[in-house]
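Note sheet for the following structure.
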Ligand SMILES: [Zn+2]
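Residue numbers (our numbering): 178 to 525.
Shown next, in the form of structure tokens:
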């Protein structure tokens with residue numbers, strides 16, 4: 178059996194300090210290009226600010242709602258990172274929530290949006306991954322709600338919550354409600370597939386394999402042709418996937434399988450963007466396959482990592498446009514692909 182060694186610290190947590198410095202540097206470079214003076218002092222160390230984000234709901238199909246940050250309308254088309262998107266589904270017997278946001282403030286907003294639509298009980302909470310911006314709000318929801326996770330997500334939270342919270346504070350800032358988070362893991366585990374009948378509407382919870390973490394769950398409402406993805410799909414073009422745990426080939430295969438599973442008219446709610454179409458997934462899939470091809474060719478030619486990053490600047494010209502290109506692509510995705518493909522080559 179091939180054992181996958183994560184190159185980044187969400188699972189291994191072996192080089193967090195180095196990566197914090199790299200990330201914060203990258204965010205500051207990004208902030209420097211967009212802000213100045215006092216504004217920068219406040220927010221130069223966060224990708225988005227959980228204290229200012231406003232969530233809104235949008236009914237996509239009867240009983241199926243996307244919950245998106247209002248900032249996404251401006252930021253996503255410009256290739257800037259936006260806060261978490263999720264949603265909820267209302268049946269005759271209750272509500273299923275997809276992802277609970279980063280903080281109590283945002284989770285309370287999400288509950289408020291549900292209560293604008295229905296008084297039915299919140300019966301299920303699905304976490305698409307262990308990433309804090311998708312599950313830290315769990316503790317704000319009623320105890321009677323059943324938390325649904327993949328076993329790998331449950332295990333990660335059980336083992337690494339304290340480190341993860343420290344990590345998330347470096348990433349999203351202090352004083353944003355992360356200090357107060359109480360971990361709440363699964364009441365119900367989904368290893369492959371589970372269908373939940375909410376009364377008049379069924380919801381499928383599916384694990385397609387590794388996408389961005391070992392525990393990614395996708396939530397699909399077949400009768401309404403709506404899919405919720407979490408982080409594996411950040412947003413439409415020009416947003417890029419964040420391969421924090423590497424494994425781009427598995428991610429590519431998974432995303433291809435997800436796209437193939439959907440009808441042509443499906444609506445997709447990504448992890449950090451606006452509702453999009455099945456065809457909009459193609460940008461992320463093409464990025465992953467081009468990354469693989471270009472990095473594999475560079476290794477074959479004997480290029481160093483630095484030379485390979487440089488090569489991708491022109492070879493992946495069509496995929497530029499994301500504000501975090503210099504960080505997510507050059508500092509996370511290319512090094513991960515380079516190390517993995519180099520290891521695979523030396524194993525032969
Ligand atoms: Zn996220």
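Idealized CB from N, CA, C, for every residue including glycine.
Distance CB(residue i)-CB(residue j) smaller than 8 Å
i           : j           : result
residue 349 : residue 224 : yes
residue 446 : residue 403 : yes
residue 249 : residue 259 : yes
residue 396 : residue 486 : no
residue 377 : residue 416 : no
residue 292 : residue 271 : no
residue 519 : residue 408 : no
residue 230 : residue 284 : no
residue 375 : residue 326 : no
residue 226 : residue 353 : yes
residue 240 : residue 279 : no
residue 392 : residue 329 : yes
residue 362 : residue 335 : yes
residue 488 : residue 475 : yes
residue 500 : residue 347 : no
residue 412 : residue 294 : no
residue 233 : residue 401 : no
Any non-hydrogen atom of ligand 1 closer than 7 Å to residue i Cβ
i           : result
residue 390 : no
residue 310 : yes
residue 327 : no
residue 314 : no
residue 261 : yes
residue 408 : yes
residue 350 : no
residue 448 : yes
Spatial distance of residue i from residue j (CA atoms)
i           : j           : result
residue 324 : residue 364 : 5 Å
residue 465 : residue 426 : 8 Å
residue 461 : residue 268 : 32 Å
residue 381 : residue 478 : 45 Å
residue 514 : residue 473 : 8 Å
residue 442 : residue 261 : 24 Å
residue 421 : residue 505 : 9 Å
residue 314 : residue 523 : 43 Å
residue 246 : residue 448 : 11 Å
residue 463 : residue 469 : 10 Å
residue 516 : residue 509 : 11 Å
residue 219 : residue 437 : Per-residue confidence for residue 219 stands at a pLDDT of 44, beneath the threshold of 50, marking its modelled position as unreliable; no derived number is given.
residue 282 : residue 483 : 42 Å
residue 511 : residue 356 : 32 Å
residue 456 : residue 444 : 10 Å
residue 337 : residue 428 : 23 Å
residue 414 : residue 370 : 29 Å
residue 434 : residue 383 : 12 Å
residue 351 : residue 419 : 22 Å
residue 458 : residue 289 : 30 Å
residue 129 : residue 319 : For the chain, the structure presents residues 178 to 525; residue 129 sits outside this window and is missing.
residue 491 : residue 311 : 34 Å
residue 373 : residue 480 : 50 Å
residue 387 : residue 251 : 31 Å
Cutoff 8 Å: residue i Cβ touching any chain C Cβ
i           : result
residue 521 : Among the chains of the structure shown, chain C does not appear; only one protein chain is present.
Range of the contiguous alpha helix (DSSP H) that encloses residue i
i           : result
residue 344 : 328-349
residue 273 : Here residue 273 belongs to no alpha helix (DSSP H); instead the beta strand (DSSP E) covers 272-275.
residue 486 : 482-492
residue 251 : 249-252
Three-state class that DSSP yields for residue i in the structure shown
i           : result
residue 520 : helix
residue 526 : No answer is possible for residue 526: the residues shown for the chain start at 178 and end at 525.
residue 243 : strand
residue 444 : strand
residue 294 : helix
residue 365 : strand
residue 234 : strand
residue 318 : coil
residue 454 : strand
residue 424 : coil
residue 498 : coil
residue 358 : coil
residue 266 : strand
residue 313 : helix
residue 307 : coil
residue 396 : strand
residue 511 : helix
residue 505 : helix
residue 223 : coil
Unbroken beta strand (DSSP E) run spanning residue i, endpoints
i           : result
residue 373 : 370-374
residue 526 : Residue numbering for the chain in the displayed model covers 178 to 525; residue 526 lies beyond these limits and cannot be assessed.
residue 300 : 299-303
residue 406 : 403-407
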